[in-house]
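Position 225, counted from 1, in the sequence shown is what numbering that gives the first Met the number 0 calls 224; the numbers after and before it change by one each time, with no gaps.
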Amino acid sequence: MEKIIYRMRFFLAIIILFGMILPSSAVFAGDDSHKPITRELINLVEKYPEIWNMLEASIAEAKKINPDSKTNPVQNLSDYYDYIDSASELIPQDVLENPTNLIHEQILQSACYFYFLIDQPLPELKDKGLFKNSIQYYKPFSSWVRNFANAWGAFLDTEKSWNQKTYQQFYNDPLFGLEKGWYEPSSNWKTFNDFFCRYLQTTNMRPLASPDNPAVVVSPADSVPQGTWAIDGNSNIRIDGGLKVKLTTYYSIKDLLGEDSRYKDAFANGVLTHTFLNVFDYHRYHFAVGGTIKEKKSIVQNVALEVSWSPKQGKYVPIDSMGWQFTQTRGYVIVDTGKYGLVALIPMGMAQVSSVNFEGNVRPGITHKKGVMLGNFLFGGSDFVMLFQEKAGFEITAPKTDKTATKSDPDQDTEDIYKHILMGEKYGVMKGQTK
């Protein structure tokens with residue numbers, strides 16, 4: 000009997016000792032109280048101790064930058080697991096505490112916060128060939144982030160994600176334009192994603208600029224143009240002082256299109272431009288030029304977003320700098336315009352559920368007119384990149400504001416800020432070969 004008691008005491012001591020040396024934030028993967036996507040993350044950090052350490056370090060750095068528990072409620076790894084549980088089934092109305100009552104700003108803050116926690120620079124990831132030395136770009140954590148996006152997207156495809164209260168909040172926010180009569184009947188929206196990729200009532204809601212002039216490039220989406228970048232003879236774009244680091248960085252068009260693309264070198268000495276869609280924008284994109292599709296591809300990579308915290312504004316600020324697109328989940332079609340050469344149309348997912356979907360009739364060999372629907376994004380801010388060959392002589396003509404950009408985006412060739420434009424409005428012009 001004494002031996003049995005001794006053994007029981009011995010095993011009890013071992014259990015107590017083991018519990019003492021476990022990190023205080025440890026949560027076992029077998030804990031059924033967590034959602035499946037959270038348990039997947041727990042399994043990941045238990046399998047890879049370096050991810051465990053980096054995730055804790057990133058959360059700690061985020062806490063240093065914004066210690067306010069109201070706008071930064073995740074203070075440790077255990078908090079993070081609870082946060083992922085709720086975020087994976089979040090209706091985009093139940094978001095972080097925010098002083099504004101406009102839902103577009105609340106949604107933007109929620110999306111930004113998710114990435115703020117995993118966008119902190121970590122010294123151990125420096126010089127690893129990542130776009131940025133933060134854990135959101137580090138495999139296999141970056142793969143889990145994409146899985147999270149898919150899990151949330153699956154929830155937003157259910158009727159649990161949409162209700163009358165949600166609809167009314169979007170209707171009350173003028174930036175969504177629901178009161179303007181632009182869109183299909185709201186009775187068509189049974190899920191959040193139904194609403195998010197809503198159709199126009201008719202194409203007349205977005206009249207095309209110069210529909211019969213093939214030289215005029217129209218905006219592919221409701222968005223804000225970000226500028227132009229020259230592509231050099233080696234199919235690279237040059238970023239001076241990119242990402243707050245005083246170095247010159249080169250990004251290869253070959254990486255953007257993929258090494259197996261027949262057109263990876265076709266845009267040497269051409270021009271790259273991109274335009275940003277906010278959460279409130281119409282999220283269907285259209286052909287910016289007319290022509291015949293030569294190549295189509297989908298590339299699954301990161302689902303990432305750069306974010307900073309602005310103490311002055313008391314909110315999170317997304318950064319749409321040049322370069323992140325080269326490692327992001329995206330799709331593209333290469334269109335042959337004839338006289339003006341090839342144009343690459345590249346819808347680019349940004350943040351959370353950034354799926355890139357093409358229409359069924361978007362296939363190589365098929366000719367489409369300018370303004371025809373190309374595809375749609377699901378939930379998440381998005382970006383649209385276009386590449387023009389040298390022979391196009393492309394120039395951006397989108398209207399500018401009377402403001403200039405701050406150094407928060409030092410990558411842009413100019414410091415001009417462009418106005419928000421609607422799909423179909425004039426974006427630029429192809430003047431043809433100038434040499």
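Beta carbons are placed, not taken as given, at the ideal position from N, Cα and C, and that holds for glycine.
Counting other Cβ atoms within 10 Å of its Cβ, residue 272 reaches 16 or more and is therefore classed as buried. For the alpha helix (DSSP H) assignment, the uninterrupted runs of no fewer than 4 residues enclosed by the region 249-289 are, from N- to C-terminal side, 252-256. In the DSSP secondary-structure assignment, residue 291 is bridged to 335 and 366. Contact between residue 318 and residue 309 does not hold, since their C-beta atoms are separated by about 11 Å, which reaches or exceeds 8 Å.
By alpha-carbon distance to residue 369, the top candidate from 334, 390, 121 and 394 is 334. Assigned with DSSP and collapsed to three states, residue 328 falls in coil, not helix or strand. Of the other Cβ atoms in all chains shown, 16 or more fall within 10 Å of the Cβ of residue 148; this residue is therefore buried. Around the beta carbon of residue 48, fewer than 16 other beta carbons lie within 10 angstroms, which makes this residue exposed. Secondary structure at residue 106: helix, using DSSP grouped into helix, strand and coil. Around the CB of residue 79, 16 or more other CB atoms lie within 10 Å, so the residue is classed as buried. Here residue 269 is near residue 230, since their CB atoms are less than 8 Å apart. Under DSSP, residue 394 takes part in a beta bridge, and its partners are 428. For residue 150, the uninterrupted alpha helix (DSSP H) segment begins and ends at 140-155.
The beta-carbon distance between residue 283 and residue 372, rounded to whole angstroms, is 6 Å. This is short enough to meet the 8 Å contact definition. DSSP assignment within the region 29-62 yields the following whole alpha helix (DSSP H) runs of 4 residues or more, N-terminal first: 35-46. Within the DSSP secondary-structure output, residue 416 pairs in no beta bridge. Annotated three-state conformation of residue 137 is coil, per DSSP.
Judged by DSSP in its simplified three-state form, residue 198 adopts coil rather than helix or strand. Under the DSSP assignment, residue 85 falls in the alpha helix (DSSP H) whose first and last residues are 76-86.
DSSP places residue 204 within a helical segment (H, G or I) once states are collapsed to three.
The beta carbons of residue 279 and residue 175 sit closer together than 8 Å. In the structure shown, residue 64 falls within a helical segment according to DSSP collapsed to helix, strand and coil.
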